[in-house]
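Note that the sequence shown covers residues 1 to 269 in full-length UniProt numbering.
Glycine residues also receive a C-beta, built at the ideal position from the N, C-alpha and C atoms.
What follows is one structure encoded as structure tokens, with my remarks underneath.
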Amino acid sequence: MLAYERFGSGEPLVLVHGISHRRQAWYPVTEQLAEHREVILFDLPGHGESPDLVADDRSVKDVLQEELVALFAELDLDRPHIAGNSLGGRIALEAAADGLVSSATGLSPAGFWKGDLDFLYIRAHFAALQASARVVKPAAPTLARSAFARKVLLASLMTHGDRVDAENFLGDLSCMVAARPALKRIFKEGVPFDADIAADIPVTIAWGTKDRVLLPYQGERARNQLPGAEHIWLEGSGHVPMADDVQGVVDALLLGSSHGLRSTVADVA
């Protein structure tokens, strides 16, 4: 069973973290979200406190979808709203394409790169992050006490890494190192997103203007590929925007998970 947390009240909203991260990535926005939604956070297979990613003869996509469906069943969730960051955003879009959810929101969702060269850049970026994490891990308890050090070490993922407290910084660092096998397996099967999403499932895409992992041009590609979606720019935010722009992310998630005319939703305010 995947490790998860569940709190708040209202329409259920499942939040999916990115590759080599963990459910705590959402902590900066969960307090505000829980005032309007029942929030479900979980660790993907091979990440955080969840069991290893075991694919056997299945594709990674099938494994992740089967785990998601099993989580929905375990928590008695019938087509909940879903949102995700990076890989989590891709999972959210895939869930929408498969009709498993009522709405999907992606924060810099994976899958909109141009071709092999761009995908190689993304893989190299995470390889560098993995190597850096392993190098600094012995000194991490000391470095974590410095807001400046946290900002520098997290600079490729967010513009305000100093806002991640020392405890969560250390947990994220350990998770990144431990998630290496899952990361390698997921990247091995990386392909662009090309699924069709039914028009009656609302989709929202938000992209940080300072994303250094999935560069902002990919947000434009997502706009062209999903013209029926709501598209939002998160000004000044990096690839993991939850700490960079708490209110902007909360607004995007509430907007994306609202029924009816999303532009008139009262509970975003």
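Cross-strand partners of residue i (DSSP beta bridge)
i: G208; result: L234
i: H81; result: L13 and S103
i: Y27; result: Answer is none; Y27 lacks a bridge partner.
i: V203; result: A104
Secondary structure of residue i, DSSP reduced to three states
i: G10; result: coil
i: I40; result: strand
i: T142; result: helix
i: E49; result: coil
i: E35; result: coil
i: G89; result: helix
i: V240; result: coil
i: V136; result: helix
i: V60; result: helix
i: E220; result: helix
i: E5; result: strand
i: F193; result: coil
i: D98; result: coil
i: D165; result: coil
i: R123; result: helix
For residue j and residue i, the rounded distance between their alpha carbons
i: D245; j: S237; result: 6 Å
i: G260; j: V101; result: Here G260 scores only 44 on pLDDT, less than 50, and its place in the model should not be relied on; the value that follows carries that caveat. Distance between the alpha carbons of G260 and V101 is about 15 Å.
i: G89; j: S59; result: 18 Å
i: A73; j: G18; result: 22 Å
i: A166; j: L253; result: 26 Å
i: residue 280; j: A97; result: Residue 280 is absent from the structure shown; the chain starts at 1 and stops at 269.
i: A55; j: H47; result: 14 Å
i: P192; j: L170; result: 32 Å
i: R145; j: S20; result: 22 Å
i: P138; j: T204; result: 40 Å
i: Q65; j: A104; result: 14 Å
i: A182; j: V136; result: 21 Å
Same chain, Cβ closer than 8 Å to residue i, five either side skipped, listed in chain order
i: D116; result: none
i: K151; result: H160, G161 and D162
i: V69; result: L100
Residues near residue i in its chain [Cβ-Cβ closer than 7 Å; skip 5 each side]
i: R223; result: H231
i: E49; result: A3 and D43
i: Q218; result: F112 and W113
i: E5; result: R23 and L41
Cβ shell of residue i (< 6 Å), same chain only, five flanking positions each side left out
i: P28; result: M242, A243 and V246
i: G248; result: L234
i: L13; result: R37, V39, H81 and S257
Nearest-angstrom beta carbon gap, residue j and residue i [assumed within contact, 8 Å]
i: A34; j: F7; result: 5 Å
i: L15; j: A95; result: At roughly 12 Å, the Cβ-Cβ gap does not stay under 8 Å, so L15 and A95 are not in contact.
i: G190; j: S108; result: With 8 Å as the limit, G190 and S108 do not qualify as a contact, their Cβ atoms being about 15 Å apart.
i: A110; j: L129; result: At roughly 15 Å, the Cβ-Cβ gap does not stay under 8 Å, so A110 and L129 are not in contact.
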